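For the record, the sequence lines run as chains D and A.
In case it helps, the numbering used here puts the first sequence at residues 1 to 206.
In case it helps, the numbering used here puts the second sequence at residues 1 to 206.
For glycine and all other residues, C-beta sits at the position ideal for the given N, C-alpha and C.
Quantities reported herein were computed from a predicted structural model and do not represent experimental measurements.
Number of protein chains: 2
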Amino acid sequence: MKPRLLIADDHTLFNEGVKQLISDHYNIVGQVFDGKDVLTIVMVTRPDVILLDINLPSINGFDLATELRKSFETIKIIFLSMYTEPRFIEQSKQLKVDGYLLKNSTKEELILGIDSVLNGENYYDQKLNQLRPSPHQDDFFVKQFSLTPREIEIIRMIKDGMNTTEIAEKLFLGLETVKTHRKNIYFKLSISKLTELLKFALDNNI
Amino acid sequence: MKPRLLIADDHTLFNEGVKQLISDHYNIVGQVFDGKDVLTIVMVTRPDVILLDINLPSINGFDLATELRKSFETIKIIFLSMYTEPRFIEQSKQLKVDGYLLKNSTKEELILGIDSVLNGENYYDQKLNQLRPSPHQDDFFVKQFSLTPREIEIIRMIKDGMNTTEIAEKLFLGLETVKTHRKNIYFKLSISKLTELLKFALDNNI
DNA sequence: TAGTCAATCCCCCTTTCGGGGTATTTTATC
DNA sequence: GATAAAATACCCCGAAAGGGGGATTGACTA
Chain D
1 MKPRLLIADD
11 HTLFNEGVKQ
21 LISDHYNIVG
31 QVFDGKDVLT
41 IVMVTRPDVI
51 LLDINLPSIN
61 GFDLATELRK
71 SFETIKIIFL
81 SMYTEPRFIE
91 QSKQLKVDGY
101 LLKNSTKEEL
111 ILGIDSVLNG
121 ENYYDQKLNQ
131 LRPSPHQDDF
141 FVKQFSLTPR
151 EIEIIRMIKD
161 GMNTTEIAEK
171 LFLGLETVKT
181 HRKNIYFKLS
191 ISKLTELLKF
201 ALDNNI
Chain A
1 MKPRLLIADD
11 HTLFNEGVKQ
21 LISDHYNIVG
31 QVFDGKDVLT
41 IVMVTRPDVI
51 LLDINLPSIN
61 GFDLATELRK
71 SFETIKIIFL
81 SMYTEPRFIE
91 QSKQLKVDGY
101 LLKNSTKEEL
111 ILGIDSVLNG
121 ENYYDQKLNQ
131 LRPSPHQDDF
141 FVKQFSLTPR
151 EIEIIRMIKD
161 GMNTTEIAEK
171 LFLGLETVKT
181 HRKNIYFKLS
191 ISKLTELLKF
201 ALDNNI
């Protein structure tokens, strides 16, 4: 009996490609392309393990992992992401996510990771431990616009509808600090209005 | 004789997955995972068409396309990217890149795009043209939220980044009139902030 | 003809944004 | 130990957004 696996990634080609690659090893019980569909599909298909992208439309991987941990505590969760940012790793561990694999892994590494997690182990890609911040590992947009991690974090919170005051409270920062970050973001992106920032964030799945 | 195709993408899983997906249709003569290897491999394998990621290590897709156009002018170049940034599309067209496909396409769209390019056509994903829904598709919103035509018109203008003053000028209305419309929209949608309106507009393709 | 509703406009007010500075501390890197 | 980058924080100011109230006109209609 092959383990039941669910793939959640909004890039159809990637999602489909991974399915092809590992369908000999696992029973692919579903494919999801939007964050808002994940919980429903999980409820219906009851997978043993879910390969979860972090940058999903509607609901991001972290929020989904939080919900999944509440409602389906036996399901193994593995992040399959391109991001190597330490704070992502940290957050994943805090959320008790079982594994963290990188999109530039090989098929063999992917299968090894999934099997390890199914065996009850935690599996975080070794590359995550030997992180040297080399420029070409960063997201292209971060490089293009020189956005810092903090700035990206704040962009996400703005996108989620929070105002400057709320962001300051949540991050335990002063109001003026967040304002400064906002100003720097606007300058770097050469924009001047909230709507333009929203458009940028949504265009680029930030 | 199947067309000779080269895949250049640093995400091993994606690269491998795409190969699996389309190896029935094309002769995959090579896979590259780093920008600095592309020109060498192209010289050796002489593909008819190359699927090129934009965000590659060492050398990015644009620089590679520029070089490829100089040295191998008959090779068809197709960007396969997650980015929908207009400036990327612009730059691609300027570089005479033959196609631009998105990673959230289906297998069928991918093959259609490649075949079109091989037939000598240009193929830029239709999603890139940001098609505006026709004004006659508003019935749903009118019924669901009792939004009037004027209100929908103003929602669109807000979404496009215009502020209240600009909208008033463009519609030859008083500032207070547009403010009233905004208040009514917020009331009908049970929202209170611009970001929520943007989210609504994008969720519902307004 | 009385009632409803979309569209127009005006007053009040507070909060938030956006843009112009400047400055300190922390962290990473050389 | 020097330097650079990131993150933190503050000042001032005008513009814009948001929320409360009310009012008029015209069109359609029950």
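I'd like to know whether the C-beta of residue i is nearer than 8 Å to at least one C-beta of chain D.
| i | result |
| --- | --- |
| residue 136 of chain A | Because the pLDDT of residue 136 of chain A is 36, which lies under 50, any placement of that residue in the model is unreliable, and the number read from its coordinates should be weighed accordingly. Closer than 8 Å: no. |
| residue 66 of chain A | no |
| residue 12 of chain A | yes |
| residue 117 of chain A | no |
| residue 16 of chain A | yes |
| residue 199 of chain A | yes |
| residue 190 of chain A | no |
| residue 194 of chain A | yes |
| residue 82 of chain A | yes |
Under three-state DSSP, which class holds residue i?
| i | result |
| --- | --- |
| residue 212 of chain D | As shown, chain D starts at 1 and ends at 206. That puts residue 212 of chain D outside it, with no answer to give. |
| residue 28 of chain A | strand |
| residue 172 of chain A | coil |
| residue 148 of chain D | coil |
| residue 183 of chain D | helix |
| residue 138 of chain A | For residue 138 of chain A, the pLDDT reaches just 41, beneath the cut-off of 50, and the residue's location in the model is therefore unreliable, leaving the point undetermined. |
| residue 132 of chain A | The predicted model places residue 132 of chain A with a pLDDT of 34, which falls under 50 and marks its position as unreliable, so this point remains unresolved. |
Return no unless some Cβ of chain A is closer than 8 Å to the Cβ of residue i.
| i | result |
| --- | --- |
| residue 39 of chain D | no |
| residue 51 of chain D | no |
| residue 94 of chain D | no |
| residue 161 of chain D | yes |
| residue 60 of chain D | no |
| residue 20 of chain D | yes |
| residue 112 of chain D | no |
| residue 27 of chain D | no |
| residue 164 of chain D | no |
| residue 105 of chain D | yes |
| residue 5 of chain D | no |
Along the chain, where does the alpha helix (DSSP H) containing residue i start, and where does it finish?
| i | result |
| --- | --- |
| residue 163 of chain A | Taken as a continuous stretch (DSSP letters only), residue 163 of chain A belongs to no alpha helix (DSSP H), as it is neither H nor E. |
| residue 37 of chain D | 35–45 |
| residue 193 of chain D | No alpha helix (DSSP H) holds residue 193 of chain D; DSSP gives it neither H nor E. |
Sufficient close CB pairs (3 or more, under 8 Å) joining the segment 1–17 of chain D to the segment 95–113 of chain A: Pairwise C-beta distances place the segment 1–17 of chain D in contact with the segment 95–113 of chain A, as three or more of them are shorter than 8 Å.
Every unbroken beta strand (DSSP E) within the segment 48–128 of chain D, with a cutoff of 3 residues, ordered by chain: For secondary structure counted as the beta strand (DSSP E) over 3 or more consecutive residues, the segment 48–128 of chain D holds these complete runs in sequence order: 49–52, 76–81, 99–102.
Contact between the segment 22–41 of chain D and the segment 57–64 of chain D (3+ Cβ pairs under 8 Å): They touch, by the three-pair rule.
Segment contact, 8 Å Cβ cut-off, at least three pairs: the segment 70–86 of chain D with the segment 180–199 of chain D: Not touching, per the Cβ criterion.
The segment 195–202 of chain A touching the segment 156–171 of chain A, judged by at least three CB pairs closer than 8 Å: For the pair of segments examined, the segment 195–202 of chain A was found to touch the segment 156–171 of chain A: the number of CB pairs separated by less than 8 Å reaches three.
Touching by the beta-carbon criterion (3+ pairs, under 8 Å), the segment 159–179 of chain A and the segment 113–120 of chain A: Between the segment 159–179 of chain A and the segment 113–120 of chain A there are fewer than three C-beta pairs closer than 8 Å, too few to call the two in contact.
Sufficient close CB pairs (3 or more, under 8 Å) joining the segment 38–51 of chain A to the segment 1–11 of chain A: Remark: three or more beta-carbon pairs, one from each stretch, lie closer than 8 Å, so the segment 38–51 of chain A and the segment 1–11 of chain A are flagged as touching.
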